[in-house]
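Novice: First the structure, then my questions, so here it is.
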Amino acid sequence: MREDLSDYYSNVQCLDETVGTTMEALRESGKLDNTIVIYTSDHSWVYHRAKVSVYDAGTHVPLIISGPGVVKNKVVKDVVSLIDIMPTIIENYRYNHFCNLCNSKRKRF
């Protein structure tokens, strides 16, 4: 268990560095201000009271969205499904050629 947890923390550190490198490359190229960046993940490994349970660790996954028109530092406490991401982006950025997806009954965040 300790080795698994150590591997997990190592992966999180690697991810953090990779996201930082990606954001810096976007900034340096001048594309950061017109790029939507979405980070999400699954529940990782199967740990006690996680992934396959209804405890917080089993129902929460990271979701971070950055870009033009995205409210900074907004925390949404509602239940959000990752399946809601695409229709929300399409609706918010008015991609009209995908309008049939905007009419779905999915929850917007």
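For the sequence shown, my numbering assigns the number 982 to the initial residue and increments by one for each residue that follows.
From the three backbone atoms N, C-alpha and C, an ideal C-beta is built for every residue, glycine too.
#1: Cβ atoms of residue 1047 and residue 1017: under 9 Å apart, would you say?
#2: Give the DSSP bridge partners of residue 1016, in chain order.
#3: Quick check: residue 1022 and residue 1043, are their CB atoms within less than 9 Å of each other?
#4: Let me make sure I understand the geometry here. Which of 1060, 1055, 1050 has the alpha-carbon closest to that of residue 1040?
#5: How big is the Cα-Cα spacing for residue 1006 and residue 1065?
#6: Go through its chain and collect everything with a Cβ distance to residue 1074's Cβ below 8 Å, but skip five positions before and after it.
#7: Tell me the rounded alpha-carbon separation between residue 1036 and residue 990.
#8: Quick check on the DSSP output: the alpha helix (DSSP H) that includes residue 1063 runs from which residue to which?
#9: What would DSSP say about residue 987, mapped onto helix, strand or coil?
#10: With a CB to CB cut of under 7 Å and the five nearest residues on each side skipped, what residues in its chain are close to residue 1015?
Specialist: Taking the structure as given:
#1: yes
#2: DSSP output for residue 1016 lists no bridge partner at all.
#3: yes
#4: 1060
#5: 28 Å
#6: 1017, 1050
#7: 20 Å
#8: No alpha helix (DSSP H) contains residue 1063, which DSSP labels as neither H nor E.
#9: helix
#10: 1049
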